[in-house]
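To start, the structure under review is shown below, and the notes come after it.
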Amino acid sequence: GQQLNQSPQSMFIQEGEDVSMNCTSSSIFNTWLWYKQEPGEGPVLLIALYKAGELTSNGRLTAQFGITRKDSFLNISASIPSDVGIYFCAGQLPSGTYKYIFGTGTRLKVLA
Amino acid sequence: SAVISQKPSRDICQRGTSLTIQCQVDSQVTMMFWYRQQPGQSLTLIATANQGSEATYESGFVIDKFPISRPNLTFSTLTVSNMSPEDSSIYLCSGGQSDTQYFGPGTRLTVL
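Heads up: the sequence lines are chains G and D, in that order.
According to this note's numbering, the residues represented by the first sequence are 772 to 883, in order.
According to this note's numbering, the residues represented by the second sequence are 9 to 120, in order.
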């Protein structure tokens with residue numbers, strides 16, 4: 772199936788460092804969602820973005836809807852060990868079907 | 009937000025048998041979807057579960073193999089039919105309104 776390009780694929784960082792990841796596509800999206808998934812669990816919604824250029828925060832997380840509507844970014848500040856997991860972006864196609872296409876995922880590991 | 013539960017949480021099945029997975033949402037939602045995910049990989053959309061009508065399947069997925077029901081706005085089932093080891097995967101249900109979606113914990117299926 773169709774997927775979004777998400778980078779980096781994986782990150783190993785020290786506790787306290789900031790993290791940046793992004794999703795890019797050749798297609799335009801109406802909505803961007805960012806999820807975190809931990810082993811054995813379903814994805815948990817972190818942030819939702821609805822307008823081009825929108826910048827939204829949720830605690831230490833900040834995400835932006837790219838002005839071209841073809842990309843989105845997620846930043847995590849001052850990482851902590853519990854930030855470990857796989858982060859997925861999801862873009863909603865402007866097709867009226869309300870379907871989402873998921874990114875390939877960024878696997879984050881935090882070293883204490 | 010919506011809280012989504014799935015049953016069973018995991019199962020081990022024999023080749024050639026079928027398994028039905030149930031998805032229950034704690035509130036009425038417009039959209040419900042079914043995904044498949046290999047461990048550590050991204051999510052692939054199987055189909056959109058339409059209330060009171062036939063599901064809309066993505067390329068590569070067919071109704072005979074993955075029959076879906078959605079009798080109301082809070083419940084859906086996915087059946088994995090005539091299973092083979094290649095069907096071993098995590099099956100995820102999601103639900104939400106048109107601009108967001110929440111996930112269940114997933115059903116981990118192993119086919120021997």
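Yeah, the Cβ is synthetic: ideal placement off N, Cα and C, and Gly gets one too.
Owing to the predicted nature of the structure, the values given are computational and were not obtained by experimental measurement.
To which residues does DSSP link residue i through a beta bridge?
| i | result |
| --- | --- |
| Q777 (chain G) | G:C794 |
| Y110 (chain D) | D:G103 |
| Y871 (chain G) | G:Q863 |
| S828 (chain G) | G:T833 |
| I20 (chain D) | D:T118 |
| K880 (chain G) | G:F783 |
| D842 (chain G) | G:T795 |
| I851 (chain G) | Bridge partners of I851 (chain G): none, in fact. |
| K822 (chain G) | Answer is none; K822 (chain G) lacks a bridge partner. |
| V815 (chain G) | G:K807 |
| S13 (chain D) | D:Q32 |
Chain D partners of residue i, CB-CB under 7 Å?
| i | result |
| --- | --- |
| Y871 (chain G) | Q109 |
| F783 (chain G) | Ordered by position in chain D, no residue passes the 7 Å Cβ test against F783 (chain G), which lies about 16 Å from the chain. |
Could you work out which residues of chain G lie near residue i, taking near to mean beta carbons separated by less than 9 Å?
| i | result |
| --- | --- |
| M40 (chain D) | None at all; the shortest Cβ gap to chain G is about 10 Å. |
| L117 (chain D) | Those do not exist, as L117 (chain D) stays about 14 Å from chain G at its closest Cβ, beyond 9 Å. |
| T56 (chain D) | T868, Y869 and K870 |
Classify residue i as buried or exposed, calling it buried when 16 or more other Cβ atoms lie within 10 Å of its own Cβ.
| i | result |
| --- | --- |
| A55 (chain D) | buried |
| A849 (chain G) | exposed |
| F783 (chain G) | exposed |
| S102 (chain D) | buried |
| Q835 (chain G) | buried |
| D95 (chain D) | buried |
| L100 (chain D) | buried |
| I12 (chain D) | buried |
| K870 (chain G) | buried |
| T38 (chain D) | exposed |
| A883 (chain G) | exposed |
| Q109 (chain D) | buried |
| K807 (chain G) | buried |
| Q785 (chain G) | exposed |
| T802 (chain G) | buried |
| T799 (chain G) | With the sequence shown as reference, residue 799 (chain G) is identified as Ile, and Thr is not the correct amino acid for it. Its Cβ having fewer than 16 others within 10 Å, I799 (chain G) is exposed. |
So is residue i in contact with chain D if we call contact Cβ pairs under 9 Å?
| i | result |
| --- | --- |
| L826 (chain G) | no |
| G787 (chain G) | no |
| F844 (chain G) | no |
| G876 (chain G) | yes |
| Q835 (chain G) | no |
| I799 (chain G) | no |
| L804 (chain G) | yes |
| P814 (chain G) | yes |
Using a Cβ-Cβ cut-off of 9 Å, state whether residue i counts as contacting chain G.
| i | result |
| --- | --- |
| T82 (chain D) | no |
| P113 (chain D) | yes |
| Q36 (chain D) | no |
| T25 (chain D) | no |
| S96 (chain D) | no |
| I29 (chain D) | no |
| T85 (chain D) | no |
| S89 (chain D) | no |
| S9 (chain D) | yes |
| I12 (chain D) | yes |
Since residue i meets chain G, which of its residues come closer than 7 Å, beta carbon to beta carbon?
| i | result |
| --- | --- |
| S106 (chain D) | Y869 |
| S50 (chain D) | Q774, F859, F873, G874, T875 and G876 |
Strictly below 9 Å CB to CB, what residues from chain D border residue i?
| i | result |
| --- | --- |
| A819 (chain G) | D107 and T108 |
So residue i contacts chain G; which residues on that side make the cut at Cβ distance below 8 Å?
| i | result |
| --- | --- |
| L100 (chain D) | G813 and P814 |
| A120 (chain D) | Here residue 120 (chain D) is Leu; the residue named in the question, Ala, does not match the sequence. Near L120 (chain D) there are no residues of chain G at all, since even the closest Cβ is about 21 Å away, more than 8 Å. |
Please list the segments of the beta strand (DSSP E) lying wholly inside the stretch 21–99 of chain D, counting only runs of 3 or more residues, in order along the chain.
-> 27–33, 39–45, 51–57, 76–80 and 83–88
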